[in-house]
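Colleague:
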Amino acid sequence: MTYRKMFSFVVVGIMSLVVAAKPGFAAGQETNVPYPKDKSVRAGTTGTSSGAYAYWVAMARAVQKTIPGVNFTVVESGAAVENTKRLAMGQFEIIHQTTTNSYYVWNGLSGFEKNQNIRELLPLMYGPQASFVRADSPIRSLKDLDGKDFSPGARGSTTEITWVAILNALGVKPKLYRAGYSDIVNAYQDGRIVGFAKGGVALDLPDALVLDANTRRPLRAMVTSEAEIKKVREAMPELTWVPLKVSVYTKGAPDILVPSFNITAQTTKDGISEEMAYWVVRAAFENKQEMVKTFQGGNFDWQEMIKTFPVPLHSGAVRYLEEIGMKVPAHLIPPEYKR
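Going by this note's numbering, the sequence shown opens with residue 91, and the numbers climb by one from there.
1. With distances taken between CB atoms, is the gap from A374 to L212 smaller than 8 Å?
2. Give the straight-line distance between the Cα atoms of D391 and T398, rounded to the nearest whole angstrom.
3. State the DSSP-derived secondary structure class of A169, mapped to helix, strand or coil.
4. Are the stretch 273 to 284 and the stretch 251 to 259 touching by the rule of at least three beta carbon pairs closer than 8 Å?
5. Looking only at its chain, what residues have a beta carbon closer than 6 Å to the beta carbon of E364, apart from the 5 residues adjacent to it on each side?
6. Check Y125 in the structure and name its three-state DSSP category.
7. Could you compute how far the alpha carbon of L422 sits from the alpha carbon of R372?
8. Assign D294 to one of two classes, buried (16 or more other C-beta atoms within 10 Å of its C-beta) or exposed (fewer than that).
9. Using 10 angstroms around the beta-carbon of M215, count the other beta-carbons present and answer buried if the total reaches 16, otherwise exposed.
10. What does K265 pair with, by DSSP beta-bridge criteria?
11. Spatial neighbours of K265 within its chain, please: CB distance less than 6 Å, with the 5 preceding and 5 following residues excluded, ordered by chain position.
12. So does the stretch 162 to 181 actually touch the stretch 226 to 237, counting three or more Cβ pairs closer than 8 Å?
13. Count the other C-beta atoms from every protein chain shown that fall within 10 angstroms of the C-beta of S221, then say buried if there are 16 or more, exposed otherwise.
14. Taking the beta strand (DSSP E) that Q154 belongs to, which residues open and close that run?
15. What separation, rounded to the nearest whole angstrom, lies between the Cα atoms of E316 and G198?
Laid out in structure tokens, this is it:
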């Protein structure tokens, strides 16, 4: 069974889903913030085979029932790296983004043009970055990947950028196999590569692509040593390290620490109005339990997640979060925000 077939779901259209809201007020506290005058939003997301796409569709539905007359278009794309470029070109108003990319763009690193007009809108999900090799492989550490055929993640993805940087930080030089995830799974099952990195795996639930790869050729998660983690932390402070429940793949296996970034919805300072930002964030927050039903990776504590943001929030997001009593760190409040 291919990854696409295993993780498919019904979507409206091939490249986008347009939803139009009906009049009516959202549930929750009263507010003085009016509905937005801007009514059209294009959201650059991920591929339709990703569970994150279903989450975006659920968020579009939440916006639909919250903001009267809005057209919220969920557009399939190549995910964070492509989205970053298209946001800068004005092709999207909101994008699926990662905190690592945000850090790079804000500081002009890793080949990204410096842009300090970007603003985080809301947290979407965790983005753990695990790596796997054949269960019968003698490879026991990342250093053992030297000279081996290994995929750092889907071509052009933030996972690929992240894992190439991790391997470089450790001085590890595998023969990198660059392709889309369907081809990566086939290459692994055919024995052409010893393993691969996979981003966006749930911390305590099995990942569909990993299970697919495991059906024909059993695999195991790579353990990163304390010394390796320390070295990567020094080189890549934008990453966090989170516990992955490996027992969902290998019975009885202990939890391990894996690198992670967090995934957000991002816009720019002037990409959407403060009113639109307020109501989109409100729609997502008030409907988060319904959204989580489509993708378990969206189950998290908003207060804790926003602490990991490396760039400021949109002023409309700050207004809503403060309105509901959430503490917004000072460094996340943009200069244009007026109380």
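By construction, the Cβ of each residue, glycine as well, lies at the ideal position given by its N, Cα and C atoms. Only a predicted model underlies this, so the values are computations on that prediction, with no experimental measurement involved.
Modeller: The relevant details are as follows:
1. Position 284 of the sequence shown, counted from the start, is the residue given in the question as residue 374. Position 122 of the sequence shown, counted from the start, is the residue given in the question as residue 212. In contact: A374 and L212 (Cβ atoms closer than 8 Å).
2. Translated into positions along the sequence shown, residue 391 becomes position 301. Translated into positions along the sequence shown, residue 398 becomes position 308. Taking the straight line joining both Cα atoms gives about 12 Å.
3. To locate residue 169, count along the sequence shown from 1; it is residue 79. The answer is coil: DSSP assigns A169 none of H, G, I, E or B.
4. no
5. The count along the sequence shown starts at 1 and reaches residue 364 at position 274. Closer than 6 Å at Cβ, skipping near neighbours: S405 and G406.
6. Against the sequence shown, residue 125 aligns to sequence position 35. Coil, per DSSP.
7. By 1-based counting over the sequence shown, the position of residue 422 is 332. By 1-based counting over the sequence shown, the position of residue 372 is 282. Answer to the nearest angstrom: the Cα atoms are 18 Å apart.
8. Reading the sequence shown from its first residue, position 204 is the one you call residue 294. Answer is exposed; the Cβ neighbour count stays below 16.
9. On the sequence shown, residue 215 is found 125 positions in, with the first residue counted as 1. Classification for M215: buried.
10. The residue you call residue 265 lines up with position 175 of the sequence shown. Beta-bridge pairing links K265 to D239.
11. The sequence position of residue 265 within the sequence shown is 175, counting from 1. Counting only Cβ-Cβ distances below 6 Å, and skipping sequence neighbours, we find D239.
12. no
13. Numbered from 1 along the sequence shown, position 131 holds the residue referred to as residue 221. Per the 10 Å Cβ criterion, buried.
14. The sequence position of residue 154 within the sequence shown is 64, counting from 1. It is not in any beta strand (DSSP E) - Q154 instead sits in the alpha helix (DSSP H) that spans G141 to Q154.
15. Within the sequence shown, the letter at position 226 stands for residue 316. Within the sequence shown, the letter at position 108 stands for residue 198. Looking at the two C-alpha atoms, the distance is approximately 30 Å.
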